[in-house]
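Working notes, beginning with the structure itself.
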Amino acid sequence: MVVFLKLGNFFFTIQSRRLEKLSPFSVLNRFCHFAPKPQENVAIFWDLDNKPPDPFPPYAAAIKLKATASSFGFVQHMIAYANRHSFSYVPPVVRERRKERKLLNQLENKGVIKPVEPYLCRVCGRKFYNNEKLVNHFKQLHEREHMKRLNQIESARGSRRVKLVGKYSMKMEKYKNAARDVLTPKVGYGLADELKRAGFWVQTVSDKPQAADVALKKHMVDMMDQRGAQCFVLVSDDSDFVDVLNEAKLRCLKTVVVGNVNDGTLKRIADAGFSWKEIMMKKAKKEAVSVVGKWKDRDVLKRLEWTYDPQIERNVYRSDDEDEDLLTEGSVEGVHDGCMQEDNSSSWWEIDSDSDIIMSQRCK
Ligand SMILES: [Zn+2]
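Structural data, given as structure tokens:
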């Protein structure tokens, strides 16, 4: 009975080893990150110090970036790093627009010009023919209401607080969207807030040079270790990220770079590269389709590829047909290192003859 069980076990191991040998794909899977999945996870890493959305508005740029990234899979992580300076920076375009607005306001107040379309309050729908009046109306009425609601929520506790948040959520959202157009943010042009609104996790680092780079790189490698994503979208032109991209490639991960330097080092390493303009014009989203097609082909080829791993091959052969293996090993060695045998021992015919003599002597 025990013998039967042992025999059964033995056949089973042989069978499973044979199966493994038949499909190199299953062996390959252990070494590569991209096991076949319905959709792969995408992580966006944005180096804001190096690549602000300039000259495009941050929210629109972030949304378009996410749309492009979603062509490569499910966008699971959106991360942006910058130092304080980047968040307080106002792009020249925005500064110019603010100056123009100020001038227009002055002219409107004096009655020199009148806008073709009236300014509309997006909270209550009232119309104004003077921008400054709209701003005053907004501040005096809607900003006050908003502060009152915030204070009510702040002072409430427990279920009452939850109820209040639910009750005011629609109104607060409406206010926030309207305020963005009417009130200019005091710090920067609301870069951090706008990116957060687009769903990004925004992290401010110390003002030391390269602080954002270091933090971003560490975060990327951590995510690779945890296998949080199979495709990495890096927004930067900084060649310091070469190592991280190479690391990702070594791990069979997919890489996409967004930057304005067309023939930059990063774009040469990455699988695909786009500029801000291509992202904004939706050109990148169209090109992404062909990139994904290439990846699919590459994955199929990788599965068909025969890879040689001496350790695995040896184990498989040893268990299966030990005798055959030894025979072939011996003959191969004999062909390649014919002279090696001479150092260690005498030739095969000499051994035979010696042993023959010994044998014959014993027999006598
Ligand atoms: Zn209003």
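The sequence shown runs 1 to 364 under UniProt numbering. Where is the CB? At the ideal position from N, CA and C, for every residue including glycine. Predicted model, so just to flag it, every value in this text is computed and none were measured.
| request: Using 7 Å as the cut-off, classify the Cβ of H85 as near or not near the heavy atoms of ligand 1, replying yes or no. | output: no
| query | To which residues of the same chain is H219 closer than 8 Å at the C-beta, ignoring the five residues directly before and after it? | reply | F45, I79 and Y81
| field | Every unbroken alpha helix (DSSP H) inside the segment 207–240 [4 residues or more] | value | 211–225
| request: Please find out if some non-hydrogen atom of ligand 1 comes closer than 7 Å to the beta-carbon of H146. | output: no
| request: With hydrogens ignored, establish whether the beta-carbon of F274 is closer than 7 Å to any heavy atom of ligand 1. | output: no
| query | Going by the C-beta, is F232 closer than 7 Å to any heavy atom of ligand 1? | reply | no
| field | Exercise answer, beta-carbon shell around ligand 1 heavy atoms below 6 Å | value | C121, V123, C124, R126, H137, L141 and H142
| For V300, is the classification buried or exposed, using 16 other Cβ atoms within 10 angstroms of its Cβ as the cut-off for buried? | exposed
| query | Whose C-alpha, out of C231, G293, Q140 and A215, is nearest the C-alpha of T204? | reply | A215
| request: Figure out for me which residue from P55, Q76, A61 and I63 has the closest Cα to the Cα of Y89. | output: P55
| message | Give me, in chain order, the residues of the same chain whose beta-carbon lies closer than 7 Å to that of R161; leave out the 5 immediate sequence neighbours on both sides. | response | I153
| said: Using a Cβ distance threshold of 8 Å, determine whether the segment 224–238 contacts the segment 100–119, with at least three qualifying pairs required. | reply: no
| Roughly how many angstroms separate the alpha carbons of K254 and E247, rounded to a whole number? | 11 Å
| field | Close Cβ partners of Q39 (< 6 Å) along its chain, the five nearest in sequence each way excluded | value | G73 and F74
| query | Taking the alpha carbon of K133 as the point to measure from, which residue in V292, D238 and N105 has its own alpha carbon closest? | reply | N105
| said: Let me check you understand the geometry: is the CB of G190 closer than 7 Å to at least one non-hydrogen atom of ligand 2? | reply: This structure does not include ligand 2; its bound ligands are ligand 1.
| message | Can you give me the C-alpha to C-alpha distance between N50 and R84, rounded to a whole angstrom? | response | 13 Å
| query | For G293, which three-state DSSP category applies? | reply | helix
| query | Exposed or buried, C231, counting other C-beta atoms within 10 Å across all chains shown (16 or more means buried)? | reply | buried
| said: Need the endpoints of the beta strand (DSSP E) that F74 sits in, please. | reply: F74 to N83
| query | DSSP beta-bridge partners for I44? | reply | M78 and V233
| Cβ pair Y175, H137 closer than 8 Å | no
| request: For S206, I'd like the list of residues in its chain whose CB is within less than 7 Å of its CB, leaving aside the five on either flank, ordered along the chain. | output: N83
| field | Assigned exposure category for V112 - 16 Cβ within 10 Å defines buried | value | exposed
| query | Between the C-alpha atoms of L191 and F200, what's the straight-line distance to the nearest angstrom? | reply | 11 Å
| Per DSSP, what kind of secondary structure is V90 in: helix, strand or coil? | coil
| field | Collapsed DSSP secondary structure at G273 in the structure displayed | value | strand
| message | Just verifying my parser: in three-state terms, what is the DSSP assignment at Y59? | response | helix
| message | Can you look up E108 in the DSSP assignment and give me helix, strand or coil? | response | helix
| Since Q203 sits in a beta bridge, which residues does DSSP pair it with? | Y81
| field | DSSP bridge partner residues for K127 (one or two, in chain order) | value | L120
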